[in-house]
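Reading through the structure tokens given below for one structure.
Given below as structure tokens:
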């Protein structure tokens, strides 16, 4: 930890990852340090946490008091924390001088299991009722949720002692078999002929050797009677709401088994989802308001990956221009907004996820996210968004509104020409459609892959005649080609986006200098709508050709006309002034 990094952390303020403890009024006790360390270890994050002693809550640096006579020994602080935590935490302690005062910085690794003090206290870092980070008591179900988030336990595999075989509904077993039969080969057909008990055993829904000795959470979620679910899994609830502005038109809540709820959601979706017709040659293409496959995967993901230890319903909200699907519980450990498209499947409830796959409800590959994005994009809609998700819940937004039918036609025609577009290519084309241009770095961030793969994807689109590059090396940008704009019905947009050709750019710069006497790189970039690097290359070409001369260095550099041009301009001006001052001939009377 450097003083500069410490200053940045202090300026950012307290967060779920950082806690300040000041000692201006009284010393922080060992017990307070241990509790704060335990709190930061039990965070819903895979990043390290930091406890900063000697920093007040408002960010003032007041300094930490010496903990060992006239100094602080980092090794002894580390030993104290290791001896007073269970399981023992191995932290890193540093004493850093800042503004003439010592600050004790303790780095706490994220623990995969709940951590407590030796006297049995468990606390966790979370947002308190005032909206600020705080240390709150950690209850048993929250310990289970933490372990489930980190893949250490499967909550759906836990046995519920009070549950009996009679709490399961035979009709739900038959529903499971029917869904497999209707899944068009996606489901596990070997399960269809099994009797109820054998089917439950095959899915892991019950604990049994010969006879059933216990019913797992999975069994109740898939096959439980409504009354049993209310009594034994009280956190399970699903809401379907239709909202027209601030008016609530539909507001229904369900505590049914998951497959029954899934069918109900799909039936309500089909009843409201309109479809527009597009003719591509002789082929009729239906373009729905919302892609059914994207909706199905979104709802299934919410039911499978929700945190069943937390109260709260899975919400399916149908707005006028979007559908929102939300569920309690953030992303599992290792899943973030910037790696959603590339991270391996990490189900919070693996047994439940496997049951949905074997029923044929979701993708057997576990890549439902890819399906959501692909279906949304190929139907001419903006990309789905998970941006409102946080550590307490996941929110999927499927944008609706009027579809871009020309984009749909382009995608269909590429498929007919035996050039089907991949998800990466659809993401890049969609961004180019809305943003008009993209850099290689932006493309890599968009597809969540290295720049080399983004460049390769953009190059494939160039070879397909859909994209054109502009500029060189780091200053290169990509935009839709004239062919793509023509196929999208926007011929003039290509001319505006393509910008000016190099010769036009050179003439614009020379005319600017003749009028104003000089030009800087920033002014050239603004004038020709170029990046700073492209403007630098343009000015360098003009200097090399002898049309401009560079004056000054670095930020103070500017460009003017060569002296011969300046002399000619000056001579012309002098002649004009002399002519203006010449006496006029007198008129003869």
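Residue numbers (the working numbering): 1 to 589. Backbone N, C-alpha and C fix where the C-beta goes; we use that ideal spot for every residue, glycine too. The structure presented is a predicted model; accordingly, all values stated were derived computationally and were not measured.
Checking the sheet assignment: what are the DSSP bridge partners for residue 135? In the DSSP output, where bridge partners are listed per residue, residue 135 has 125.
What span of residues does the beta strand (DSSP E) with residue 21 cover, start to end? First-last of the beta strand (DSSP E) with residue 21: 18 to 21.
Secondary structure at residue 277, three-state DSSP: helix, strand or coil? Note: residue 277 maps to strand in three-state DSSP.
Whole-number beta carbon distance between residue 240 and residue 633, since they are thought to touch under 8 Å: Since the first and last residues shown for the chain are 1 and 589, residue 633 lies out of range.
Are residue 522 and residue 560 closer than 8 Å when you measure CB to CB? Going by C-beta atoms, residue 522 is not nearer than 8 Å to residue 560.
Let me confirm a value: residue 129 is counted as buried when at least 16 other C-beta atoms fall within 10 Å, else exposed. Which label applies? Counting of Cβ neighbours within 10 angstroms places residue 129 among the exposed residues, the total staying below 16.
Option nearest residue 61 by Cα separation, candidates 148, 99, 134 and 216: For residue 61, the nearest C-alpha among the options comes from 99.
Using the Cβ count rule (16 or more neighbours within 10 Å means buried), how would you classify residue 203? Result: buried.
What are the boundary residues of the beta strand (DSSP E) that includes residue 439? Following the DSSP letters along the chain, one finds residue 439 inside the beta strand (DSSP E) bounded by residues 437 to 439.
Please go through the same chain and pick out, in chain order, the residues whose beta-carbon is closer than 8 Å to the beta-carbon of residue 405, but skip the five residues on each side of it. A distance below 8 Å between beta-carbons, with the five flanking residues on each side excluded, links residue 405 to the following residues of its chain, in chain order: 276, 278, 287 and 380.
Other residues of its chain near residue 446: CB distance less than 6 Å, five sequence neighbours each side excluded: For residue 446, where only same-chain residues beyond five positions count, the Cβ hits under 6 Å are 427 and 431.
Alpha helix (DSSP H) segment containing residue 197, residue limits: First-last of the alpha helix (DSSP H) with residue 197: 196 to 203.
Residue 494 to residue 480, Cα distance in whole Å? Caution is warranted here: a pLDDT of 46 is assigned to residue 494, below 50, making its placement in the model unreliable, and the coordinate value is therefore given only provisionally. Computed Cα separation, rounded: 7 Å.
Tell me the rounded alpha-carbon separation between residue 590 and residue 39. Only positions 1 to 589 of the chain appear in this structure, which leaves residue 590 out of reach.
Which listed residue (411, 47, 46 and 11) has its alpha carbon closest to that of residue 57: Comparing Cα-Cα distances from residue 57 to each of 411, 47, 46 and 11, the minimum goes to 11.
Cβ-based neighbour list, residue 5, same chain, cut-off 6 Å, excluding 5 preceding and 5 following: Counting only Cβ-Cβ distances below 6 Å, and skipping sequence neighbours, we find nothing.
Quick check on residue 252: does DSSP put it in helix, strand or coil? In this structure, residue 252 counts as strand in the three-state DSSP scheme.
Proximity of residue 180 and residue 293 at Cβ, strictly below 8 Å: No, these two residues do not count as a Cβ contact at 8 Å.
Using a threshold of 8 Å, state whether the C-beta atoms of residue 243 and residue 318 are closer than that. For residue 243 and residue 318, yes; Cβs fall inside 8 Å.
Does the separation of the CB atoms of residue 329 and residue 307 fall below 8 Å? Judged by beta-carbon spacing, residue 307 lies within the 8 Å limit of residue 329, meaning their Cβ atoms are closer than that value.
Quick check on the burial criterion: 16 or more other C-beta atoms within 10 angstroms. Buried or exposed for residue 176? Taking every protein chain shown into account, the CB of residue 176 has 16 or more other CB atoms within 10 angstroms, so this residue is buried.
Only counting the same chain, and skipping five residues up and downstream in sequence, which positions put a Cβ closer than 6 Å to that of residue 543? Shown here for residue 543: same chain residues with a beta carbon closer than 6 Å to its own, the five before and five after excluded, namely 550 in chain order.
Taking the alpha-carbon of residue 548 as reference, which of 399, 524, 105 and 148 has the nearest alpha-carbon? For the residues 399, 524, 105 and 148, the minimum Cα distance to residue 548 belongs to 524.
For residue 588, which residues of its own chain have a beta-carbon under 6 Å away from its beta-carbon, when the five flanking residues on both sides are left out? Residue placement at residue 588 is flagged as unreliable, the pLDDT there being 49, under the threshold of 50; the coordinate-derived value follows with that caveat. Taken in chain order, the list of residues that qualify is empty.
Comparing alpha-carbon positions, which option in 115, 421 and 533 lies nearest residue 142? Comparing Cα-Cα distances from residue 142 to each of 115, 421 and 533, the minimum goes to 115.
Relative to the alpha-carbon of residue 663, which residue among 96, 457, 258 and 316 has its alpha-carbon at the smallest distance? Residue 663 is absent from the model: the chain starts at 1 and stops at 589.
Buried or exposed by the 16-neighbour rule on C-beta atoms within 10 Å, applied to residue 75: When all chains shown are included, residue 75 counts as exposed.
Close-in-space but distant-in-sequence residues of the same chain around residue 273 (CB under 6 Å, 5 per side omitted): Excluding residues up to 5 positions away in sequence, 288, 289 and 290 lie with their Cβ nearer than 6 Å to the Cβ of residue 273 in the same chain.
For residue 68, count neighbouring C-beta atoms within 10 Å of its own C-beta (all shown protein chains included) and say buried if the count is 16 or more, exposed if not. Flag for residue 68 reads exposed.
Among 376, 409 and 464, which has the Cα closest to the Cα of residue 396? Minimum Cα distance to residue 396 is reached at 376.
Whole runs of the alpha helix (DSSP H) within the stretch 500 to 559, excluding any shorter than 4 residues: If we require 4 residues or more, the alpha helix (DSSP H) runs fully inside the stretch 500 to 559 come out as 502 to 516, 521 to 528 and 532 to 544.
What residue range is occupied by the uninterrupted alpha helix (DSSP H) comprising residue 294? For residue 294, the enclosing alpha helix (DSSP H) has its first and last residue at 292 to 305.
Looking at the unbroken beta strand (DSSP E) that takes in residue 102, where does it start and where does it end? Start and end: 101 to 108.
Alpha carbon of residue 146 to alpha carbon of residue 384, nearest angstrom: If you take the alpha carbons of residue 146 and residue 384, they lie about 28 Å apart.
For residue 113: DSSP bridge partner residues: Under the DSSP definition of a beta bridge, residue 113 lacks any partner.
Give the straight-line distance between the Cα atoms of residue 491 and residue 42, rounded to the nearest whole angstrom. With a pLDDT of 46 at residue 491, under the threshold of 50, the modelled position of this residue cannot be trusted, and the question is left open.
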